[in-house]
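Trainee: The structure that follows is given in the form of structure tokens.
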Amino acid sequence: MKRLIVIALAMLSIHSTYAEKLALVGSKIHTMSEQGVIEKGSVLVSDGNIVSVIEGTEVPSEYRVVDVSGKVISPGFIGALTSLGLVEVSSSSGVVDASIETSPITKTGAALDVSYGINPDSSLFEITRLEGMTAAATGMMGGHFLFNGQGAVISLDGDEPVIKSQAFISVDVGGQGAEVAGGSRASLWVMLEKVINEAASTKSNVTSTTPWFGLSSREDLPVIKQVIAGDIPLFMKADRAADIRQVIAFKKRHPSINLVLVHGVEAWREAKALAEAKIPVIIDPEYNLPGGFDQMGATLANAARLEQAGVEVAIGMDTHNIRLAAQHAGNAVANGLSYEAGLASLTRVPAKILGLDSQIGVLAKDARADIVVWSGDPLEVTEAAEMVIINGQFVDMESRQTKLRDRYLSLMQSDAKKPSYYYR
Amino acid sequence: MNVQPSKLFLAAACMCTIALLGCNDAQNKEQKPKDKVTINENPYPSTYTPIVGKPTLITNVTILDGIGNKIDKGAVLFSDGKIVGLSTTPLGESLPAPDNVVVIDGEGKWVTPGIIDNHSHLGVYPSPSTKSHSDGNEMTSPVTAQVWAEHSVWPQDPGFTRALAGGVTTLQILPGSANLVGGRSVVLKNVPNRTMQSMKFPDAPYGMKMACGENPKRVYGQKGGPMTRMGNVAGYRQAWADAQDYIRKWERYERDFDAGKSPTPPKRDLKLETLAGVLKGDILVHMHCYRADEMTVMMDVMKEFNYKIGTFHHAVEAYKIADTLKENQVCSAMWADWWGFKMEAYDGIRENIPAVHAAGACAIVHSDSDLGIQRLNQEAAKAWSDGKRAGLNISKEEAWIWLAANPAKSLGIFDQTGSLEAGKQADIVLWSGDPFSTYTKAERVFIDGGLAYALDAQQDWPVSDFEIGQVGEGDSK
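First to last, the protein sequences are chains Z and W.
Residue numbers for the first sequence follow the numbering used here, so the first one is 250 and each next one is one higher.
Residue numbers for the second sequence follow the numbering used here, so the first one is 805 and each next one is one higher.
If you want it as structure tokens, here you go:
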């Protein structure tokens, strides 16, 4: 895995061909590091990385100064759980690499690897990044296997978007997840336990000539071993408190596994135990309806109660509209989450969950220069990203959507209307 | 609809429609009856009774009246379920407040008309979303104008209470969009109660749901059609032609009856009856339609069969034909930013709502979502600010029209609600601050002057039967 990261990083540094020294000067800065919030400061960038974040507006003369006074700067936001790059249009519109029905190489889904399937030309990249999201965890959504394959972390710019492959692997241990095990948790948990123990007790990798009759395929085994070693975080999706207690018990049985609770509608009911077990959560804090009998305790206070108990909260689960994660976090703040935790849920916490906390989600020395300059409070629905920097470079604040907008606003405002396709 | 009854038809009418004067007599005597049959157009009448309120004066408050005006530091008085008036002075001295008036200090707060969502499936696709509750799409035939959403509404849907906390005072429940014609809608007052009738908006006209595009052709493509968009359009046109024929039949019977003949009335056809109601202008059309080209075709169909499309719903590409929508006086009910989940939603832009408004057409913010309905003020706020950044300078007071006057017009109830004007129903939200903010909440929601929700009185929040005794008890725990 480490080798893959090195390759990915090498490619990214080739991509940033110019070595401009850039200073964003004079704004409020949410560093998301120990530096906290700087009321009026500057961010210095060189070679795609952050050199330093300083108080005040005095910057060395070799830096090109961009005046951002009166604005607000944050690290680029991270989509905590998406299928970006794996789907263009979800329904009835061609290949969707975020879902799978059958595969000859896997029995439990662990061997699947989305990093081969990411399309950075997807219109979702531009549309998402110009709203202040610069990286995302991307993976498969649901399916016919126990695990939803290995997800990746991607940058939303560049031809080689993968920052980290084998970044996480998901398993649904709620009612829906039970479907792949025949329809009952009575089977699901036994299967999961067996799959883990089977991989753990297999001393070396099973080759194509070794007889093998396991629940996992030969290709699944080494991946599950990495999960057991804690190298690949295991995202466990569960909503009801009883299932979350099973997740916590699983963590106790397998302390080396790097566990993350996903969705967690009733997570607040087990907040203390989650904090003690050091299990972070990825949630949609707006989910406050009993959509099923696993979600009877749904509440807008979920995020706030988790924070109060000491649980780390990441916010953002969507694909086409993952850009709305900031609004979701803002609504969590409106319902009791601290403002700092609201910003952290989009930056520091997902970065930490994905094992990239020194690289993304933070404005600190040597971190990737993924930076957003906002018109004001990033969690406020009426504010917007005005400049987006990914890996040290300003991205064009244009997308297919802004071009459609400009075409038709021009058409509506012109007197002698040409055929619409001639407006560019 | 007046007709002369046959004996059989009379018997049916006696059983299933309103009491008919002389009905039994007519049967007994086996004589030509003297009265025409009157088909009851309101067989499931509203039993809604407002929560009893107190005369209330909100002072020193920022007011958006829902029809484009703003008062800074003004006052609003309501009493007996109706709005008495607005004042431009902070204490509202000019308003005739009675001695027992309850005064609420609105310092720092905002008052608006209650939000009206003209696109909801609460009750017909309720929480929990079990298969046994899936009552929103009669996917058995492409034209099911005979079904009425009100017969599917499950009043226990906890979504009503959550929408109330978001300031929604009136909502239209629509059938789903699987069918070319999905059936009748129902308008509800958002005072959650044990029956549909006890929530039904008194005197609101019926709506009828229609759908363009992908959904009908996906659902029926392998079930006898339509399987293409041209098949869809043929389906609407044939339905209208059938309805025209049905109207002519009844007109003939009316004429014959009036001429003193004893004609046999045609058999009542519930499907054609609803379609005929549209052609006669009694029932409002709500049409799910995403694409600009399809909406334009539908406006031609509308002219071909001489009916009115009230509102295109979703209308993701309305910005491309805002001029045509204005010309044809058709509203567009839209999301702020949903896009891309299917091909016909691929061209969504964030400025759709303000672009439609700026072109002089009727724009509405709708939810189509049990979560979205809880923060429609934020949807309007996003659209407003996105428009502003694109150079469309629309004021907040104008933007609130998208949540109040325009949806009220779309539902045919603007004479009763949808603005803060004297004499209208006191459907009012007091917001903790500027409702164009993520952090602002509905603090008090009044429906017909009764206090339906108070943010700080968790113990008084409505809890549905389904949720009572369960873990969350309506998000009040």
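Ideal Cβ positions, reconstructed from N, Cα and C, are used throughout, including at glycine.
Should ALA1047(W) and VAL947(W) be called a contact, given that it needs their Cβ atoms to be closer than 8 Å?
Mentor: Counting from one through the second sequence, the residue named residue 1047(W) turns up at place 243. Counting from one through the second sequence, the residue named residue 947(W) turns up at place 143. Taking 8 Å as the Cβ cut-off, ALA1047(W) and VAL947(W) do not qualify as a contacting pair.
Trainee: Would you kindly report the start and end of the unbroken alpha helix (DSSP H) that includes PHE374(Z)?
Mentor: Position 125 of the first sequence, counted from the first residue, corresponds to residue 374(Z). 372-378 is the extent of the alpha helix (DSSP H) around PHE374(Z).
Trainee: Does the distance from the CB of ILE493(Z) to the CB of PRO534(Z) come in under 8 Å?
Mentor: Indexing the first sequence from 1 puts residue 493(Z) at position 244. Indexing the first sequence from 1 puts residue 534(Z) at position 285. No, these two residues do not count as a Cβ contact at 8 Å.
Trainee: Whose C-alpha, out of ALA616(Z), SER648(Z) and LYS666(Z), is nearest the C-alpha of PRO324(Z)?
Mentor: As a working note, residue 324(Z) is residue 75 in the first sequence. It is ALA616(Z).
Trainee: Is LYS289(Z) closer than 8 Å to GLY305(Z) when the C-beta atoms are compared?
Mentor: Position 56 of the first sequence, counted from the start, is the residue given in the question as residue 305(Z). Position 40 of the first sequence, counted from the start, is the residue given in the question as residue 289(Z). Contact flag set, yes.
Trainee: Looking only at its chain, what residues have a beta carbon closer than 8 Å to the beta carbon of LEU573(Z), apart from the 5 residues adjacent to it on each side?
Mentor: Along the first sequence, one-based indexing puts residue 573(Z) at 324. These residues qualify, in order along the chain: ASP567.
Trainee: Compare the C-beta of SER1136(W) with all C-beta atoms of chain Z and state if any pair is closer than 8 Å.
Mentor: Translated into the one-based positions of the second sequence, residue 1136(W) becomes position 332. For SER1136(W), the answer is no, since every Cβ of chain Z falls outside 8 Å of its Cβ.
Trainee: Using a beta-carbon distance below 8 Å, is GLY541(Z) in contact with chain W?
Mentor: As a position in the first sequence, residue 541(Z) is number 292, starting the count at 1. Chain W contact via Cβ: present.
Trainee: Suppose only complete runs of 4+ residues qualify. What are the alpha helix (DSSP H) ranges in the stretch 901-977 of chain W, listed by chain order?
Mentor: Here the runs fully enclosed are 963-969.
Trainee: Mind reading off the beta-carbon distance from VAL644(Z) to VAL637(Z)? Whole number of angstroms is fine, and I expect it under 8 Å.
Mentor: For this step, residue 644(Z) is matched to residue 395 along the first sequence. For this step, residue 637(Z) is matched to residue 388 along the first sequence. Yes, they are in contact, since the Cβ atoms of VAL644(Z) and VAL637(Z) sit about 5 Å apart, within 8 Å.
Trainee: Classify HIS503(Z) as helix, strand or coil using the three-state DSSP reduction.
Mentor: On the first sequence, position 254 is the one that residue 503(Z) refers to. HIS503(Z) falls in the coil class under three-state DSSP.
Trainee: Of all the options ASP1231(W), GLN1026(W), LEU899(W) and PRO1020(W), which has the alpha carbon lying nearest to the alpha carbon of MET1034(W)?
Mentor: For the purposes of this step, residue 1034(W) is identified with residue 230 of the second sequence, where counting begins at 1. Answer by Cα proximity: PRO1020(W).
Trainee: Here's a check: name, in chain order, each residue in its chain whose Cβ is nearer than 8 Å to the Cβ of VAL1275(W), leaving out the five neighbours to either side.
Mentor: Position 471 of the second sequence holds residue 1275(W). Result list for VAL1275(W): LYS1281, in chain order.
Trainee: Indicate whether at least one CB of chain Z lies closer than 8 Å to the CB of GLN1263(W).
Mentor: Along the second sequence, one-based indexing puts residue 1263(W) at 459. Output row for GLN1263(W): interface = no.
Trainee: Buried or exposed: which applies to THR853(W), given that a residue is buried once 16 or more other Cβ atoms fall within 10 Å of its Cβ?
Mentor: Numbered from its first residue, the second sequence carries residue 853(W) at position 49. Label assigned to THR853(W): exposed.
Trainee: Quick check: what's the CA-CA separation for ILE1205(W) versus GLY1222(W)?
Mentor: In the second sequence, the residue the question calls residue 1205(W) occupies position 401. In the second sequence, the residue the question calls residue 1222(W) occupies position 418. The alpha-carbon atoms of ILE1205(W) and GLY1222(W) are separated by roughly 8 Å.
Trainee: Tell me, please, which residues DSSP counts as bridged to PRO1266(W).
Mentor: On the second sequence, residue 1266(W) is found 462 positions in, with the first residue counted as 1. None, per the DSSP bridge assignment.
Trainee: Taking the alpha-carbon of ILE920(W) as reference, which of PHE1116(W), MET943(W) and ALA967(W) has the nearest alpha-carbon?
Mentor: As a working mapping, residue 920(W) is identified with position 116 in the second sequence. Comparing Cα positions, the closest option is ALA967(W).
Trainee: Under the rule that 16 or more other beta-carbon atoms within 10 Å means buried, what is TYR1257(W), buried or exposed?
Mentor: Here residue 1257(W) refers to the residue found at position 453 when the second sequence is read from its first residue. The residue in question, TYR1257(W), is buried, as its Cβ has 16 or more Cβ neighbours within 10 Å.
Trainee: Tell me, please, whether the CB atom of GLU589(Z) is closer than 8 Å to any CB atom in chain W?
Mentor: On the first sequence, position 340 is the one that residue 589(Z) refers to. For GLU589(Z), the answer is no, since every Cβ of chain W falls outside 8 Å of its Cβ.
Trainee: If contacts are defined as beta-carbon pairs under 8 Å, then MET1102(W) and CYS1166(W) qualify, I think. What distance do you get, rounded to the angstrom?
Mentor: Indexing the second sequence from 1 puts residue 1102(W) at position 298. Indexing the second sequence from 1 puts residue 1166(W) at position 362. With 8 Å as the limit, MET1102(W) and CYS1166(W) do not qualify as a contact, their Cβ atoms being about 16 Å apart.
Trainee: Using a Cβ distance threshold of 8 Å, determine whether the stretch 377-384 of chain Z contacts the stretch 326-333 of chain Z, with at least three qualifying pairs required.
Mentor: Touching, yes, given that three or more Cβ pairs across the two stretches are closer than 8 Å.
Trainee: Could you check whether the Cβ of LYS458(Z) sits closer than 8 Å to any Cβ belonging to chain W?
Mentor: Translated into positions along the first sequence, residue 458(Z) becomes position 209. In the sequence under discussion, the amino acid at residue 458(Z) is Thr, which differs from the Lys named in the question. No, THR458(Z) lies away from the interface with chain W (no Cβ there is under 8 Å from its Cβ).
Trainee: For the stretch 1229-1250 of chain W, which residues have a CB atom closer than 7 Å to at least one CB atom of chain Z, in sequence order?
Mentor: Answer in chain order: PHE1240, SER1241, THR1242, TYR1243 and LYS1245.
Trainee: Within the chosen definition, does the stretch 913-927 of chain W reach the stretch 1122-1131 of chain W through at least 3 CB pairs nearer than 8 Å?
Mentor: Output reads no: the stretch 1122-1131 of chain W does not touch the stretch 913-927 of chain W.
Trainee: For ALA1163(W) versus SER1136(W), is the C-beta distance shorter than 8 Å?
Mentor: Along the second sequence, read from residue 1 onward, the residue named residue 1163(W) stands at position 359. Along the second sequence, read from residue 1 onward, the residue named residue 1136(W) stands at position 332. Contact flag unset, no.
Trainee: Name the residues in the stretch 615-648 of chain Z whose C-beta lies less than 7 Å from a C-beta of chain W; which are they?
Mentor: Of all residues in the stretch 615-648 of chain Z, LEU628, GLU629, VAL630, THR631 and ALA633 have a Cβ within less than 7 Å of some Cβ in chain W.
Trainee: So who's on the other strand from ASN298(Z), going by DSSP bridges?
Mentor: Here residue 298(Z) corresponds to residue number 49 of the first sequence, with the count starting at 1. Looking at the DSSP assignment, ASN298(Z) forms a beta bridge with SER295(Z) and ARG617(Z).
Trainee: On the three-state DSSP scale, how would you describe PHE1250(W)?
Mentor: Along the second sequence, read from residue 1 onward, the residue named residue 1250(W) stands at position 446. Reduced to three states, the DSSP call for PHE1250(W) is strand.
Trainee: Anyone know if the C-beta pair for LEU1282(W) and ILE977(W) falls short of 8 Å?
Mentor: Nothing can be reported for residue 1282(W), as the shown portion of chain W is limited to 805 through 1281.
Trainee: Measuring straight from C-alpha to C-alpha, what distance separates SER457(Z) and PRO529(Z)?
Mentor: Within the first sequence, numbered from 1, the residue matching residue 457(Z) stands at position 208. Within the first sequence, numbered from 1, the residue matching residue 529(Z) stands at position 280. Cα-Cα distance, rounded: 38 Å.
Trainee: Determine the extent of the alpha helix (DSSP H) in which TRP1044(W) is found, giving its start and end residues.
Mentor: In the second sequence, counting from the first residue as 1, residue 1044(W) sits at position 240. Note, TRP1044(W): alpha helix (DSSP H), 1033-1062.
Trainee: Spell out a yes or no on whether the stretch 289-302 of chain Z and the stretch 595-603 of chain Z are touching, meaning 3 or more CB-CB pairs, one atom from each, closer than 8 Å.
Mentor: Too few Cβ pairs lie closer than 8 Å, so no.
Trainee: Checking the sheet assignment: what are the DSSP bridge partners for PRO324(Z)?
Mentor: As a working mapping, residue 324(Z) is identified with position 75 in the first sequence. BP columns for PRO324(Z) point to ILE620(Z).
Trainee: Is there a Cβ of chain Z sitting closer than 8 Å to that of ARG1193(W), yes or no?
Mentor: For the purposes of this step, residue 1193(W) is identified with residue 389 of the second sequence, where counting begins at 1. At least one chain Z Cβ lies under 8 Å of ARG1193(W).
Trainee: Could you tell me how far apart the beta carbons of MET661(Z) and ASP1127(W) are, in whole angstroms, since I believe they sit closer than 8 Å?
Mentor: On the first sequence, position 412 is the one that residue 661(Z) refers to. On the second sequence, position 323 is the one that residue 1127(W) refers to. Confirmed, Cβ separation roughly 6 Å.
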